[in-house]
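Chemist: Residue numbers (UniProt numbering): 1 to 255.
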């Protein structure tokens with residue numbers, strides 16, 4: 001009985017935010033001290049699905065493109081940088097330097113790099129925001145993938161080269177299959193890092209790149225609870241889908 005009670009309680013706690021957001025998205029004139037909304041309406045959902053020029057759907061697409069690009073570039077770059085670190089004689093120093101982007105809050109980090117983004121004429125553009133997010137995501141992916149490049153992996157690569165594989169073939173047929181579990185985790189984590197970012201994106205975009213996270217904060221500031229709830233549900237949908245797709249790796253017991 002106890003073994004079933006704990007998962008049920010955890011499931012209830014995880015479901016409560018979604019239930020509350022669903023109520024806020026459908027509620028009309030829901031004010032304190034009412035425990036439940038007095039009336040329900042699909043106005044916010046209809047405006048989202050029916051509008052031809054919809055800011056929320058545009059923000060969703062913009063966020064997906066930005067977070068997906070960051071995840072792919074950071075994971076690929078992190079694998080290469082982690083390999084270089086493994087072969088470096090000063091790998092400990094470079095690994096310590098990889099933690100520097102996390103020593104500052106995202107807003108302060110964005111303020112520090114904003115002059116360089118302005119000099120590159122990328123202020124207020126998606127490319128400028130992408131570069132700023134990569135400064136945070138690339139070291140994170142490097143730290144995640146550093147443990148892959150062990151002496152045993154180097155021996156596998158040398159063995160493949162000895163058996164006649166080229167460098168590209170050894171990387172594609174030997175190293176990538178071995179690294180795939182870690183690469184999948186790095187893709188998932190860096191996507192979430194870019195997807196939920198607000199401070200860095202808001203500063204570097206100067207209000208021009210309206211991602212879904214920025215729009216949620218804007219609706220909250222406008223006291224538009226219905227649109228804020230709908231935007232929040234859209235914001236939670238891709239991470240929940242990725243979590244469901246990645247559940248075999250998350251639930252796998254360590255050997």
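From the three backbone atoms N, C-alpha and C, an ideal C-beta is built for every residue, glycine too. This one's a predicted model, so the numbers in the text were calculated from it and none came from an experiment.
Of all the options 211, 69, 163, which has the alpha carbon lying nearest to the alpha carbon of residue 190?
Modeler: It is 69 whose Cα lies nearest to the Cα of residue 190.
Chemist: Would you mind stating whether residue 80 and residue 204 have Cβ atoms separated by less than 8 Å?
Modeler: In this structure, residue 204 does not lie closer than 8 Å to residue 80 by Cβ.
Chemist: Per DSSP, residue 27 forms a beta bridge with which residues?
Modeler: DSSP lists 40 as partners of residue 27.
Chemist: Suppose the cutoff is 6 Å on Cβ atoms and the five residues either side in sequence are ignored; what does the same chain contact list for residue 208 look like?
Modeler: Contacts found: 124.
Chemist: Identify, in the order they occur along the chain, each residue of the same chain with its Cβ nearer than 7 Å to the Cβ of residue 217, setting aside the five sequence neighbours on each side.
Modeler: Once the five neighbours on either side are set aside, the close Cβ partners of residue 217 are 198.
Chemist: Hey, residue 136 and residue 200: beta-carbon distance below 8 Å or not?
Modeler: Yes, Cβ-Cβ distance for residue 136 and residue 200 is below 8 Å.
Chemist: With distances taken from CA atoms, which of 114, 61, 46, 142 is nearest residue 92?
Modeler: Checking every option, the nearest Cα to that of residue 92 belongs to 142.
Chemist: Specify the secondary structure class of residue 202 as computed by DSSP and reduced to three states.
Modeler: Looking at residue 202 - three-state DSSP - the assignment turns out to be helix.
Chemist: Select from 235, 108, 76, 18 the residue whose C-alpha is nearest the C-alpha of residue 132.
Modeler: Residue 108 is the option with its Cα nearest to residue 132.
Chemist: Counting Cβ pairs closer than 8 Å, one from the region 154-174 and one from the region 216-232, do we hit at least three?
Modeler: Touching, no.
Chemist: In its own chain, which residues sit with a C-beta less than 8 Å from the C-beta of residue 99, not counting the 5 before and 5 after it?
Modeler: So the list reads 139, 143, once near-sequence residues are dropped.
Chemist: Can residue 82 and residue 180 be called in contact, C-beta distance under 8 Å?
Modeler: In this structure, residue 180 does not lie closer than 8 Å to residue 82 by Cβ.
Chemist: Measuring CA to CA, which of 134, 214, 240, 244 is closest to residue 55?
Modeler: When each option's Cα is compared against that of residue 55, the closest is 214.
Chemist: With distances taken Cα to Cα, identify the nearest neighbour of residue 41 among 230, 237, 244.
Modeler: Minimum Cα distance to residue 41 is reached at 230.
Chemist: Please report the distance separating the alpha-carbon of residue 187 from that of residue 75.
Modeler: Those two C-alpha atoms are separated by around 6 Å.
Chemist: Within a Cβ cutoff of 7 Å, which residues of the same chain sit near residue 113, ignoring the five residues on either side of it in sequence?
Modeler: So the list reads 132, 135, once near-sequence residues are dropped.
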